[in-house]
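Participant: UniProt numbering numbers the first residue of the sequence shown as 1 and each following residue consecutively. Beta carbons: idealized from backbone N, C-alpha and C, even for Gly. Only a predicted model underlies this, so the values are computations on that prediction, with no experimental measurement involved. One structure, as structure tokens, below. Some questions next.
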Amino acid sequence: MQRNERQISDFGLAKWLPTEWTHRAIAPIEGTFGCLAPEYYTRGIVDEKTDVFAFGVFLLELMAGRKPVDGTHRSLLGWQARPLLNEGKTEALLDPRIVAGNGGYDAEQARRLAFVASLCVRASATWRPSMTEVLELLEGVEIKEERWAMPEPAAGDDEGEEMWGFDDLDDDDEDEESGTPSPLSTSSASSA
């Protein structure tokens with residue numbers, strides 16, 4: 001890969017399967033480290049949600065202007081994007097060239113893009129959207145909190161910490177009930 005030029009070949013790992021199959025096991029594991037869904041690199045299992053994960057990483061690359069893994073082998077998702085997504089610091093995730101650009105950027109669209117990316121990179125394939133749902137969300141379909149809310153984690157389960165809450169795409173910078181900054185508020189990023 002030269003100059004952050006994406007190798008799209010990571011998409012399509014979920015090969016055309018007979019309709020009665022729900023997934024496929026693949027060996028050896030192939031693809032760009034940092035773009036691989038957890039179920040793929042840990043168990044070799046591939047399905048349509050494997051591609052959704054890779055697309056989420058691709059969205060994060062676009063936003064951050066970074067490769068999925070840097071020269072020190074740190075992943076964009078693990079060391080930069082996930083903590084910022086969990087804290088709702090969308091602006092801090094954006095490539096500084098976007099933020100400083102003369103034309104500015106649409107903060108609402110950046111929050112929506114970050115939200116969609118965060119859904120795509122959920123650790124459990126069960127909780128990821130389908131690509132049809134991803135498209136609908138990117139096109140501006142109203143986000144229904146109950147549809148995308150994660151269940152409360154069981155004791156010892158850290159997956160619930162994976163995604164932020166759903167005070168999400170409000171125009172308000174504060175959660176009306178708690179008075180705390182909204183997870184997708186750009187104002188929370190400016191204080192970081």
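I believe Ala37 touches Ala149 by the beta-carbon criterion, under 8 Å. Please report the beta-carbon distance rounded to the nearest angstrom.
Facilitator: Reading the sequence shown from its first residue, position 37 is the one you call residue 37. Reading the sequence shown from its first residue, position 149 is the one you call residue 149. Actually they do not touch by this definition, with Cβ atoms about 21 Å apart.
Participant: At the level of alpha carbons, what is the spacing between Gly104 and Ile98?
Facilitator: The residue labelled residue 104 in the question sits at position 104 within the sequence shown. The residue labelled residue 98 in the question sits at position 98 within the sequence shown. Taking the straight line joining both Cα atoms gives about 7 Å.
Participant: Taking the alpha-carbon positions, what's the Ile45 to Val52 distance?
Facilitator: Numbered from 1 along the sequence shown, position 45 holds the residue referred to as residue 45. Numbered from 1 along the sequence shown, position 52 holds the residue referred to as residue 52. Straight-line Cα distance between these residues: approximately 14 Å.
Participant: Check for me: the alpha helix (DSSP H) holding Arg66 runs from which residue to which?
Facilitator: For the purposes of this step, residue 66 is identified with residue 66 of the sequence shown, where counting begins at 1. Careful: Arg66 lies outside any alpha helix (DSSP H) and carries neither H nor E.
Participant: According to DSSP, is Val46 helix, strand or coil?
Facilitator: The residue you call residue 46 lines up with position 46 of the sequence shown. Three-state DSSP puts Val46 in a strand.
Participant: Assuming Met131 is part of the alpha helix (DSSP H), what are its boundary residues?
Facilitator: By one-based count along the sequence shown, residue 131 stands at place 131. Run containing Met131: 131 to 138, per the alpha helix (DSSP H) assignment.
Participant: What would DSSP say about Ala149, mapped onto helix, strand or coil?
Facilitator: Residue 149 sits at position 149 when you count from the first residue of the sequence shown. Ala149 falls in the coil class under three-state DSSP.
Participant: In three-state terms, what does DSSP make of Asp51?
Facilitator: Your numbering for residue 51 matches position 51 in the sequence shown. Residue state, collapsed to three classes: helix.
Participant: My output table needs one value for Lys142: the three-state DSSP class, helix, strand or coil.
Facilitator: By 1-based counting over the sequence shown, the position of residue 142 is 142. A small correction: the amino acid at residue 142 is Glu; Lys does not occupy that position in the sequence shown. Note: Glu142 maps to coil in three-state DSSP.
Participant: Assuming Ala123 contacts Leu60 (C-beta within less than 8 Å), just tell me the rounded distance between them.
Facilitator: One-based indexing of the sequence shown puts residue 123 at position 123. One-based indexing of the sequence shown puts residue 60 at position 60. The pair is not a contact, with the Cβ atoms about 15 Å apart (cut-off 8 Å).
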